[in-house]
Amino acid sequence: TPPPRWSLILWLQASNGLSSLGNSMIWLALPWLVLQYTGSVAAAGLTVAVSSAPGALAAPLAGWAVDRFGRRVVSIFADLLSAISVIGIPIAATVGQLSLGVIIGLAVLGAVFDPAGYTGRKALIVDVAREARYDTDKLNGIHEGVFALGFALGPLIAAGAIATIGPVNTFWLPAVAFVLAAALIAGLRVSDAGQRARTG
């Protein structure tokens with residue numbers, strides 16, 4: 046039996062970990078930024094609550110998007126759009142337009158795409174497992190473990206970045222993570238079984 050193609054597994058999991066890392070960094074940096082700009086704990090809590098709602102509402106559409114446009118396409122575009130929403134914060138600060146409304150708007154925009162990105166990468170497990178000659182259940186376990194690790198490390202990295210480069214500049218880091226996550230999926234050379242079934 047040929048050995049597993051670990052490169053395919055590595056690329057998918059690197060993207061998975063980077064996207065998880067970026068999202069968890071935002072979860073810490075976002076309320077911290079609001080607290081710095083407004084001095085209001087209530088405003089920080091409100092921002093987190095409001096930015097959580099779109100993700101829950103958009104989650105049912107994530108499966109439809111994956112079926113309609115393909116797993117790789119949805120994953121790539123979700124991470125790129127998340128990166129754009131995150132980059133908006135330091136750009137708005139640079140031009141003197143950063144406000145609570147702008148922060149909440151960008152946070153809501155970014156949260157809308159998170160479920161689609163996660164669903165797209167999760168759906169790719171089947172394709173990667175098949176072409177990497179690796180057990181699907183084992184790869185699914187690795188996938189969840191990497192996601193959890195990224196989510197655990199994100200706040201630590203964000204806290205260090207906030208202390209060294211400030212809360213506004215910290216948002217460049219998750220933006221880079223999202224772009225790299227998208228690039229890895231773009232370079233992942235596996236077929237999309239779900240998309241083939243839809244178009245075949």
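Count along the sequence shown from 1, then add 45; that gives the number in this note's numbering.
The C-beta atom is built at its ideal place from N, Cα and C for all residues, glycine as well.
*What first and last residue would you give for the alpha helix (DSSP H) that runs through Pro76?*
Residues Trp51 to Thr83.
*Neighbour-count burial assignment, Thr92, 16 or more Cβ in a 10 Å radius*: Buried: at least 16 other Cβ atoms inside 10 Å.
_Alpha-carbon to alpha-carbon, Val235 and Asp172_ = Between Asp172 and Val235, the C-alpha separation is close to 6 Å.
*Could you check the C-alpha separation between Leu66 and Arg50 for me, to the nearest Å?*
The alpha-carbon separation between Leu66 and Arg50 amounts to approximately 25 Å.
*At which residues does the alpha helix (DSSP H) containing Val235 begin and terminate?*
First-last for Val235: undefined, no H or E at that position.
*Do Leu169 and Arg116 have their CB atoms nearer than 8 Å?*
A contact, by the Cβ cut-off of 8 Å.
*asked:* On the CB-based measure, 16 or more other CB atoms within 10 Å of its CB, does Gly162 come out buried or exposed?
replied: With 16 or more other Cβ atoms within 10 Å, it is buried.
*DSSP three-state call for Val140: helix, strand or coil?*
Val140 carries a coil assignment under DSSP once its states are collapsed to helix, strand and coil.
*In chain order, what residues of the same chain have a beta carbon less than 7 Å from the beta carbon of Leu198, not counting five sequence neighbours either side?*
Excluding positions up to five away in sequence, the list reads Leu66.
*Would you report the Cα separation of Ala231 and Val119, rounded to the nearest angstrom?*
Roughly 11 Å between the two C-alpha positions.
*How is the alpha helix (DSSP H) around Gly165 delimited, first residue to last?*
It spans Leu145 to Ala177 - the alpha helix (DSSP H) in which Gly165 sits, taken as one unbroken run.
_Please tell me whether Ser97 and Ala193 are closer than 8 Å, where the distance is taken between their beta carbons._
No. Outside cutoff.
_Beta-carbon gap between Ile71 and Pro219 smaller than 8 Å_ = Ile71 places its beta carbon less than 8 Å from that of Pro219.
*Please name the residue, chosen from Ile187, Val224 and Leu201, that lies closest to Ile54 on a Cα-to-Cα basis.*
Here the closest residue by C-alpha is Ile187.
*asked:* Whole angstroms are fine: how far does the CA of Asn68 sit from the CA of Gly245?
replied: Low per-residue confidence applies at Gly245: pLDDT is 45, beneath 50, and the placement is therefore not dependable, though the value from the model is reported in the following sentence. The alpha-carbon separation between Gly245 and Asn68 amounts to approximately 35 Å.
*Beta-carbon separation (whole angstroms), Ala227 vs Asp159, contact threshold 8 Å*: Contact flag wrong, Cβ pair sits at about 13 Å.
*Compare the Cα-Cα distances from Gly133 to each of Val153, Ile121 and Phe122 and report the closest residue.*
Distances from the CA of Gly133 to each of Val153, Ile121 and Phe122 were compared; the closest alpha carbon is that of Val153.
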